[in-house]
Structure formats: structure tokens, C-alpha cells
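Residue numbers for the sequence shown follow the numbering used here, beginning at 44 and rising by one.
The C-beta atom is built at its ideal place from N, Cα and C for all residues, glycine as well.
Computed from a prediction, not measured in an experiment: that's the story for all the values here.
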Amino acid sequence: MGLRPNLLTRRTAGVASTTLALLLSTAAVGVVPAASAFSAAPGEVCVEPADVHSDARIKPGGGAKHEPNELTLAETREREADLAAALRERARFRAGAGATTMAASVTIPVVVHVIQENSTRAGGNIPDSMINSQISVLNQSFSGATGGASTAFSFQLQKINRVTNPSWYPIVQGSSAERSMKTSLRTGGKNTLNIYLGELSDSLLGWATFPTRKLNSMDGVVVLSESLPGGTATNYNQGDTGTHEVGHWLNLYHTFQGGCSGSGDSVSDTAAEASPASGCPIGRDTCTAPGVDPITNFMDYSYDSCMYQFTAGQASRMLTAWNAYRAA
Ligand SMILES: [Zn+2]
Numbered sequence: 044m045g046l047r048p049n050l051l052t053r054r055t056a057g058v059a060s061t062t063l064a065l066l067l068s069t070a071a072v073g074v075v076p077a078a079s080a081f082s083a084a085p086g087e088v089c090v091e092p093a094d095v096h097s098d099a100r101i102k103p104g105g106g107a108k109h110e111p112n113e114l115t116l117a118e119t120r121e122r123e124a125d126l127a128a129a130l131r132e133r134a135r136f137r138a139g140a141g142a143t144t145m146a147a148s149v150t151i152p153v154v155v156h157v158i159q160e161n162s163t164r165a166g167g168n169i170p171d172s173m174i175n176s177q178i179s180v181l182n183q184s185f186s187g188a189t190g191g192a193s194t195a196f197s198f199q200l201q202k203i204n205r206v207t208n209p210s211w212y213p214i215v216q217g218s219s220a221e222r223s224m225k226t227s228l229r230t231g232g233k234n235t236l237n238i239y240l241g242e243l244s245d246s247l248l249g250w251a252t253f254p255t256r257k258l259n260s261m262d263g264v265v266v267l268s269e270s271l272p273g274g275t276a277t278n279y280n281q282g283d284t285g286t287h288e289v290g291h292w293l294n295l296y297h298t299f300q301g302g303c304s305g306s307g308d309s310v311s312d313t314a315a316e317a318s319p320a321s322g323c324p325i326g327r328d329t330c331t332a333p334g335v336d337p338i339t340n341f342m343d344y345s346y347d348s349c350m351y352q353f354t355a356g357q358a359s360r361m362l363t364a365w366n367a368y369r370a371a
């Protein structure tokens, strides 16, 4: 279709590696949050948000009319205040430990749970090759190999865990079965990415939790198995749902968060956007603020063939959040 500038690059590039050697001082990182206006009191420690926010990607025309967990302005303010507080907390911790550097390059261990109803493909039994391709897509997307900014992150598959359990299939967003599944299966620390694959409720492509200061058993991303590269989800089968959900897991909002007003997605180099894009509406411009809509950004809702980039601002926000929430 020619819409993705370097589709061939995506398909032929090997697993890219980031070579960031930059060491960020705590003072430099402290500059990053733009949300200090919403900061909590300096003495506040370890107060968790009221709930674990999650965010989902849906198929246009599907059964779901809206996202089950789209964030309100109050929720984004709460999250931005928590990020600022978490950064202060980590800075104090590091100062007390005599440490002055934060991670600038991160390899994320990945555990993939394949939830199956039975041993058939229709029952969720996708091949290992699709999972390996998904990991490659994550590495290409986050390294900038598909045309976007290079981020600090690379991904290393640790384990594929196949689970046949009809009571967890399909995975129903927000259900007690989802909680049971994750409580039973989640492994690793805050730095471990747990990906749950399967058929999903309500025509959803996926959903994710944002990072929190205290590890929650719900932490992780859920992705429609047929959205993996080579899957059957037409227009959404190049693995970008996985990239999008991992973006949330690393603290990114949608590019259309907040619409045309306010601080939007809290990233300065993604143009404001009034609503999600679908398909690939090149040139769409829904806000009077400068810049056309970022429909090629992984954090919009465009077709996989249309989205190929994170911005430098998103890369910075993800690394800041990593050091605040997920770093050891
Ligand atoms: Zn999303």
C-alpha cells in the first residue's frame, strides 16, 4: 500500500539494539515532568492511585463502542502527580544510596502466556513463530528501525507459557476471570513484561496497565493473539497492537488523550488530536493547534500498516517513567 514509509525495513531488519550510552543524572531526570503543577505534597510517600488504570485498543466497527478504561482529565492529573512523586521518591532513594545514575538503556525480560481454549488454532493455539515475530516487531518499533525515534528499550523473550483453560477464554476485560488468570500466572518483578495472548472480549485488540509504584498482580498487557504478525485480524495483524499496549505499560497515553485542549498526552512533540484515528487518514487535522494529527504514531488507533513511530518526547517520557516505576 505504500503507506508505511519503510515497511520493508520492518520486515527485513533483524532485532535492533539500542546503543544509548548516555547516563542521566537524577537532577537531569528531575527536569522532565511537565506535570509538576499537579504534584502531591513533598512529604507524601507511596500513596497508590485508587485503582489500577488500564487502557485498551479496539477494532473499529467491533462490538465495543468505546474504551472500557479511557482516562478522564482527573485520572491523568492523578497519574502525572504520581509520576512526579515517584521521581522524587526515587531521587531520595538514590541519593541515600550514593547512586547518581539512572538506567539509560534497558533490556526488558518478556514472559508470554498463551491462553488457549483447546489445541486448535481457533482455540488460541498460535505457533511460537508468531510470538517470536512479535518480539522482533517490539524491538524494531522501540529501536526506531521502522522510522520513529529510538527509545531506550529492547525486549528479550524469557519464556512461552502455554495454558489451556476454557474458563479464561476469551479473556474478558475487567472480569474476575482476568484477575484469576493474572494472579495465577504473572511472574517476575516490576521490570518483567507479562504478555497474555488469547481471544478477547468485546472486539478488543488489547489492553494494558500503566505502571504503579507498588507492583500489582494485574500488571501486564493483554493482546489479541491473532493481532500478532501473520495473524488473521485484518488490518491489525502486523504486531502493532503489541507495540501500542507496551507503550501504555511504559506510561504513554494515547495521542488523542485530552483532545485539543490542556496538556493532551503530556508529550510536547505529538500534535494535539481531537479523537482517535481509524484507517489511515493521512493529513487529518482535527485541532487548530499546529501540526497535523499524529496518525502514524503507535499510540493512535490507525491500521497497523499506517503506524510506525514513537516520538523523541515519548521516548523520554517512557524512560523517565521506567526510572520512576520499574527500574530495580
Ligand atoms: Zn490504547
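Spatial neighbours of residue i within its chain, please: CB distance less than 8 Å, with the 5 preceding and 5 following residues excluded, ordered by chain position.
i	result
Ala358	Ala192, Ser193, Thr194, Ala195
Pro337	Thr298, Thr313, Ala314, Glu316, Asp343, Thr354
Ser219	none
Leu236	Ile151, Pro152, Val153, Val154, Phe198, Gly263, Val264, Val289, Trp292
Leu267	Leu240, Gly241, Glu242, Leu243, Leu247, Leu248, Gly249, Gly274, Ala276, Tyr279, Thr284
Glu87	Low local confidence applies: a pLDDT of 27 at Glu87 is under 50, so the model's placement there is unreliable, and no value is given.
Pro333	Ala314
Gly139	none
Ser162	Asn168, Thr207
Gly305	Leu116
Hey, quick one: how far does the beta strand (DSSP E) through residue i stretch, first residue to last?
i	result
Trp250	247-252
Leu378	Since the first residue shown for the chain is 44 and the last is 371, residue 378 is missing from the structure and cannot be characterised.
Phe341	Looking at the DSSP string, Phe341 is not in any beta strand (DSSP E), and its letter there is neither H nor E.
Lys202	196-207
Thr230	Note, Thr230: premise wrong, no beta strand (DSSP E); not H, not E.
Gln300	Premise fails: Gln300 is in no beta strand (DSSP E) and is neither H nor E.
Thr189	From DSSP, Thr189 is part of no beta strand (DSSP E); its letter is neither H nor E.
Thr150	149-159
I need the boundaries of the alpha helix (DSSP H) containing residue i, first residue and last residue.
i	result
Asn175	171-186
Val310	Element bounds for Val310: n/a, residue is neither H nor E.
Gln357	355-364
Gly139	116-139
What distance in whole Å lies between the Cβ atoms of residue j and residue i, which are believed to be in contact at a cut-off of 8 Å?
i	j	result
Ala367	Leu116	Their Cβ separation, rounded to whole angstroms, is 21 Å, which puts Ala367 and Leu116 out of contact at 8 Å.
Gln216	Gly282	The Cβ separation is near 20 Å, so there is no contact.
Thr189	Gln352	7 Å
Ala364	Asn294	3 Å
Thr286	Gly249	Their Cβ separation, rounded to whole angstroms, is 10 Å, which puts Thr286 and Gly249 out of contact at 8 Å.
Thr329	Ser318	6 Å
Arg122	Phe253	6 Å
Gly167	Tyr212	6 Å
So, at 6 Å on beta carbons, what are the nonlocal neighbours of residue i in its own chain, with the 5 sequence-adjacent residues on each side left out?
i	result
Leu67	Any reading at Leu67 is ruled out, since the residue's pLDDT is 29, under 50, leaving its predicted position unreliable.
Lys225	Ser260, Met261
Tyr296	Asp308
Gly302	Ala317
Ala370	Ala146
Gly187	Ser193
Might you give, ordered along the chain, the residues of its own chain that have their beta carbon closer than 7 Å to the beta carbon of residue i, omitting 5 neighbours on each side?
i	result
Val149	Ala195, Phe196, Trp365
Ser29	Here the chain has residues from 44 to 371 only, and residue 29 is not among them.
Is residue i near ligand 3 - that is, is its Cβ less than 7 Å away from at least one heavy atom of it?
i	result
Arg100	Looking for ligand 3 in the displayed structure turns up nothing; the ligands present are ligand 1.
Is it true that the stretch 255-273 meets the stretch 324-343, where meeting means three or more beta-carbon pairs spaced less than 8 Å apart?
no
Taking 8 Å as the threshold, find out whether the stretch 338-357 comes into contact with the stretch 228-236 through three or more Cβ pairs.
no
Hey, is the stretch 151-171 in contact with the stretch 198-211, meaning 3+ C-beta pairs nearer than 8 Å?
yes
Fully enclosed by the stretch 247-297, which alpha helix (DSSP H) runs are 4 residues long or longer?
283-292
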